[in-house]
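Colleague:
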Amino acid sequence: MSSALILGLAAGFGPGPLTALIISESLKFDFRAGLKVALAPLLTDLPIILISFYFLNEFKDSNLFLGIISLVGGIFVLYIGYSTFKTKSISLSDKPEIPRSMLKGVLVNVLSPHPYLFWFSIGGPIFIKGMQENILGGILFISLFYFLLIGAKITIALIAVKSKRYLHGKAYFITMKVLAILLFVFGLYLIKDGLTLAGWG
Numbered sequence: 248m249s250s251a252l253i254l255g256l257a258a259g260f261g262p263g264p265l266t267a268l269i270i271s272e273s274l275k276f277d278f279r280a281g282l283k284v285a286l287a288p289l290l291t292d293l294p295i296i297l298i299s300f301y302f303l304n305e306f307k308d309s310n311l312f313l314g315i316i317s318l319v320g321g322i323f324v325l326y327i328g329y330s331t332f333k334t335k336s337i338s339l340s341d342k343p344e345i346p347r348s349m350l351k352g353v354l355v356n357v358l359s360p361h362p363y364l365f366w367f368s369i370g371g372p373i374f375i376k377g378m379q380e381n382i383l384g385g386i387l388f389i390s391l392f393y394f395l396l397i398g399a400k401i402t403i404a405l406i407a408v409k410s411k412r413y414l415h416g417k418a419y420f421i422t423m424k425v426l427a428i429l430l431f432v433f434g435l436y437l438i439k440d441g442l443t444l445a446g447w448g
């Protein structure tokens, strides 16, 4: 179970588009918005795991598939970064913006190659081996992994909301701009990664 502990915490607290989105949504809206993004893997990862296992079994080289996923994901993350960059203040306007945080989180997770790569290269083999040796072991691995992954993401949302009270005016403005830049960087990284995986760059 040490592998589930290490991998779950690393994936949960590690930097990436989903983590940046959790922070930006928590700061821009509230804890519920950040929580919805944090829970997105619970909605998306089962199909991702099944797709990964399918391609793992059926195709020796699925780099083109991962490359296309990464390119689309990179473009979407750039769009979110642009929206974050336009944020000016915490105060609500006459027409409050609808967060749609869950949808954003789902799309970011589905369109990122990282979950696919994880289940292709690390999670899949560990889970399959665990199921072959002991069905309970395989179930415990995946359960503990997601408990820690989601728990870490929720913790990040809580920390972001707690820090919100200290962010006023210029501080909030600068924070959102930094988050937007991070999203831009992640988006460009995904695009570069996608071009490389697809053999186009």
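Every number in the numbering used here is 247 more than the matching position in the sequence shown, counting from 1.
Glycine included, C-beta positions come from ideal geometry on N, C-alpha and C.
Quick caveat: nothing in here was measured; it's all calculated off a predicted structure.
1. Would you kindly work out how many angstroms separate the C-alpha atoms of valine 319 and alanine 418, rounded to a whole number?
2. Flag this pair as touching only if the region 254-262 and the region 321-336 have three or more C-beta atom pairs under 8 Å; answer yes or no.
3. Measure the Cβ-Cβ separation of phenylalanine 394 and glycine 385 and say whether it is below 8 Å.
4. Evaluate the contact criterion for the region 284-302 versus the region 348-361: three or more CB pairs, one atom per stretch, below 8 Å.
5. At what residues does the alpha helix (DSSP H) containing lysine 411 begin and finish?
6. Applying the 10 Å Cβ sphere with the 16-neighbour rule, what's the burial state of leucine 293?
7. Taking isoleucine 403 as the reference, which of Leu265, Gly434, Leu254 has the closest Cα?
8. What does a CB cutoff of less than 7 Å around leucine 396 pick up in its chain, not counting 5 residues either side in sequence?
9. Roughly how many angstroms separate the alpha carbons of threonine 443 and valine 357, rounded to a whole number?
10. Residue range of the alpha helix (DSSP H) that leucine 364 falls in?
11. Using the rule of at least 16 other Cβ atoms within 10 Å of the residue's Cβ for burial, across every protein chain shown, is leucine 447 buried or exposed?
12. What separation, rounded to the nearest whole angstrom, lies between the Cα atoms of serine 249 and isoleucine 401?
13. Do leucine 274 and methionine 378 have their beta-carbon atoms positioned less than 8 Å apart in this structure?
14. For serine 317 versus glycine 434, is the C-beta spacing smaller than 8 Å?
15. Report the three-state DSSP secondary structure of phenylalanine 276 (helix, strand or coil).
Modeller: On the basis of the coordinates in this document:
1. Walking along the sequence shown from the start, residue 319 turns up at place 72. Walking along the sequence shown from the start, residue 418 turns up at place 171. So the alpha carbons of these two residues sit roughly 32 Å apart.
2. no
3. Walking along the sequence shown from the start, residue 394 turns up at place 147. Walking along the sequence shown from the start, residue 385 turns up at place 138. Cβ atoms of phenylalanine 394 and glycine 385: not closer than 8 Å.
4. yes
5. As a first step, residue 411 is located in the sequence shown; it is residue number 164 there, counting from the start. Here the alpha helix (DSSP H) through lysine 411 covers 382-411.
6. The sequence position of residue 293 within the sequence shown is 46, counting from 1. It counts as exposed.
7. For this step, residue 403 is matched to residue 156 along the sequence shown. Checking every option, the nearest Cα to that of isoleucine 403 belongs to Leu265.
8. Here the question's residue 396 lines up with position 149 in the sequence shown. Answer for leucine 396: Gly255, Ala258, Gly259, Pro288, listed in chain order.
9. Here residue 443 refers to the residue found at position 196 when the sequence shown is read from its first residue. Here residue 357 refers to the residue found at position 110 when the sequence shown is read from its first residue. Whole-angstrom Cα-Cα distance: 19 Å.
10. Taking the sequence shown and counting its residues from 1, one reaches residue 364 at position 117. That run of the alpha helix (DSSP H) goes 360-365.
11. To locate residue 447, count along the sequence shown from 1; it is residue 200. According to the sequence displayed, residue 447 carries tryptophan and not leucine. Its Cβ having fewer than 16 others within 10 Å, tryptophan 447 is exposed.
12. Counting from one through the sequence shown, the residue named residue 249 turns up at place 2. Counting from one through the sequence shown, the residue named residue 401 turns up at place 154. Roughly 21 Å between the two C-alpha positions.
13. Within the sequence shown, residue 378 is the residue found at index 131, counting from 1. Within the sequence shown, residue 274 is the residue found at index 27, counting from 1. No; because the gap between Cβ atoms is not below 8 Å, this pair is not in contact.
14. Against the sequence shown, residue 317 aligns to sequence position 70. Against the sequence shown, residue 434 aligns to sequence position 187. Result no, Cβ atoms of serine 317 and glycine 434 do not sit closer than 8 Å.
15. Here residue 276 is taken as the residue at index 29 of the sequence shown, counted from 1. In the structure shown, phenylalanine 276 sits in coil (DSSP, three-state: anything other than H, G, I, E or B).
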